Structure formats: structure tokens, C-alpha cells
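A.B. asks: Oh and the sequence shown: position 17 is -3 in this note's numbering, straight run, nothing missing.
No residue lacks a Cβ here, since even glycine has one placed at the ideal position from N, Cα and C.
Everything numeric in this text was worked out from a predicted model, so none of it was measured.
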Amino acid sequence: MIPGYDEPPSNENGDEAAFVARYEAAIELANLVQTGLVIDGWSPEQVTATP
-19 MIPGYDEPPS
-9 NENGDEAAFV
1 ARYEAAIELA
11 NLVQTGLVID
21 GWSPEQVTAT
31 P
């Protein structure tokens, strides 16, 4: 599901490569959600703080 996550390097760079793959996938998903919200007419001003 995450490009590059299925085969990270098996050396000391593997953890970093896996982290970068997860980070980039999260950013892409956040951008898609944000785009959908904007298209639907949502704006940050609609959010109210709760005590």
C-alpha cells in the first residue's frame, strides 16, 4: 500500500527508509483529504473550540 515500504534496505538505512515512506504516504493522504474538504466548501473558520 505504501510505495517503497515493502522492501526497505536490510542495512542500517532500513529504518530511515521505512520512516520516509510512511511520512510521504501520510502527506499524500493529508493532501487528498484537504483537497476534498476544500472542494466541499469546508473552511477552518467553521471549527469551534470545545472547552
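1. Taking Y3 as part of the alpha helix (DSSP H), name the residues at either end of that continuous run.
2. Taking one C-beta from the segment -3 to 12 and one from the segment -19 to -12 each time, how about it: are there three or more such pairs within less than 8 Å?
3. Round the Cβ separation of P(-11) and A1 to the nearest angstrom and send it over; I've been treating them as touching at under 8 Å.
4. Per DSSP, what kind of secondary structure is P(-17) in: helix, strand or coil?
C.D. replies: A quick look at the data gives this:
1. Element bounds for Y3: G(-6) to I19.
2. With a cut-off of 8 Å on Cβ pairs, the segment -3 to 12 is in contact with the segment -19 to -12, counting three or more such pairs.
3. That pair is no contact at about 11 Å.
4. Under the three-state reduction of DSSP output, P(-17) falls in the coil class, being neither helix nor strand.
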